[in-house]
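Residues 3 to 210 in the working numbering are what the sequence shown spells out, letter by letter.
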Amino acid sequence: MSEALLFGLLDLTGTFAFALSGAIAAQQRRLDLFGIAASAYIVACGGGIVRDVCIGAIPPVGLSEWRYLAVALLAVLAVIAAAPLVRRLTYPVRLFDGLGMGFFAVTGAHRALDFGHGAEAAILLGMVTAVGGGVMRDVLLNRIPLILQKEIYASAALLGATLEVVGEHQGWSTRWVTWTGIVAGTGLRLLSLHYGWQLPRFAPRERS
Numbered sequence: 003m004s005e006a007l008l009f010g011l012l013d014l015t016g017t018f019a020f021a022l023s024g025a026i027a028a029q030q031r032r033l034d035l036f037g038i039a040a041s042a043y044i045v046a047c048g049g050g051i052v053r054d055v056c057i058g059a060i061p062p063v064g065l066s067e068w069r070y071l072a073v074a075l076l077a078v079l080a081v082i083a084a085a086p087l088v089r090r091l092t093y094p095v096r097l098f099d100g101l102g103m104g105f106f107a108v109t110g111a112h113r114a115l116d117f118g119h120g121a122e123a124a125i126l127l128g129m130v131t132a133v134g135g136g137v138m139r140d141v142l143l144n145r146i147p148l149i150l151q152k153e154i155y156a157s158a159a160l161l162g163a164t165l166e167v168v169g170e171h172q173g174w175s176t177r178w179v180t181w182t183g184i185v186a187g188t189g190l191r192l193l194s195l196h197y198g199w200q201l202p203r204f205a206p207r208e209r210s
């Protein structure tokens, strides 16, 4: 499998996972079919569109490639068809959001490097790709964005993007480096949800 095909498939996998989270969140808000589809697409492609605008990839792949819209609509159909199963999950939006985040952190960082940007920009844009769609979803549906809550979220995306960038700069095989970044970012996010891990907080000291 070529590198371009590998990252294309990984990007579509992340798109599907994020579209699932967007569709489920919209369904929980009792939106109609168009609202569910719009939410799924915005979540799935929003972060990637922001990334592509930043790196100069115009038009953004999320707008120019029909596959992204098709995958988002496929996710909508899957959510509607499997509604009883989805309702049994404890936190379905966070679950699929975490899965998509790991894929997008890595593919976003790789795409930034592929367009000639440096390591710092690639890491940050990988994180933006991973969390941007989720922020748009939460703002659109009047939810407190996950990135502002007391959870390990953006830092997990940062981990995945950093591993990808470091691995590529060291000349390591993208095949295993990429999967390492995906597993590490997704694993940290899902484990933090399961065990309730949070980043430390630093409250100001009370005056005596």
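Cβ coordinates follow ideal geometry from the N, Cα and C atoms, glycine included.
Keep in mind the model is a prediction, meaning the values are calculated, not measured.
Three-state secondary structure (DSSP) of L142: As a position in the sequence shown, residue 142 is number 140, starting the count at 1. The answer is helix: DSSP assigns L142 an H, G or I state.
Simplified DSSP state of D34, which is helix, strand or coil: Start at 1 with the first residue of the sequence shown, and residue 34 comes out as number 32. Three-state DSSP puts D34 in coil, outside helix and strand.
Where Q172 falls, given that 16 or more other Cβ within 10 Å makes a residue buried: In the sequence shown, the residue the question calls residue 172 occupies position 170. Residue burial annotation: Q172 is exposed, with fewer than 16 other C-beta atoms found within 10 angstroms of its C-beta.
Inter-residue spacing [alpha-carbon to alpha-carbon] between G48 and G64: As a working mapping, residue 48 is identified with position 46 in the sequence shown. As a working mapping, residue 64 is identified with position 62 in the sequence shown. Those two C-alpha atoms are separated by around 8 angstroms.
Cβ-based burial, H112 [other Cβ within 10 Å; buried from 16]: The residue given as residue 112 occupies position 110 in the sequence shown. H112 is buried by the Cβ-count criterion.
Short Cβ contact (8 angstroms threshold) for G187 with G162: One-based indexing of the sequence shown puts residue 187 at position 185. One-based indexing of the sequence shown puts residue 162 at position 160. Yes; because the gap between Cβ atoms is below 8 angstroms, this pair is in contact.
Per-residue DSSP class, three states only, for E153: For the purposes of this step, residue 153 is taken as the residue at position 151 of the sequence shown. Secondary structure of E153 (DSSP, three-state): coil.
I184 to E122 span [Cα, whole Å]: The residue given as residue 184 occupies position 182 in the sequence shown. The residue given as residue 122 occupies position 120 in the sequence shown. So the alpha carbons of these two residues sit roughly 19 angstroms apart.
Contact under 8 angstroms by Cβ, A46 with T17: Position 44 of the sequence shown, counted from the first residue, corresponds to residue 46. Position 15 of the sequence shown, counted from the first residue, corresponds to residue 17. For A46 and T17, yes; Cβs fall inside 8 angstroms.
Cα-Cα separation, E170 to L143: Looking up residue 170 in the sequence shown gives position 168. Looking up residue 143 in the sequence shown gives position 141. The straight-line gap from Cα to Cα measures roughly 37 angstroms.
7 angstroms CB neighbourhood of R31 in its chain, flanking five on each side removed: Locating residue 31 in the sequence shown gives position 29, counting from the first residue. Once the five neighbours on either side are set aside, the close Cβ partners of R31 are L143.
Q200 to S194 span [Cα, whole Å]: The sequence position of residue 200 within the sequence shown is 198, counting from 1. The sequence position of residue 194 within the sequence shown is 192, counting from 1. Each residue's alpha carbon lies about 7 angstroms from the other.
Extent of the continuous alpha helix (DSSP H) to which T109 belongs: Translated into positions along the sequence shown, residue 109 becomes position 107. Here the alpha helix (DSSP H) through T109 covers 94 to 116.
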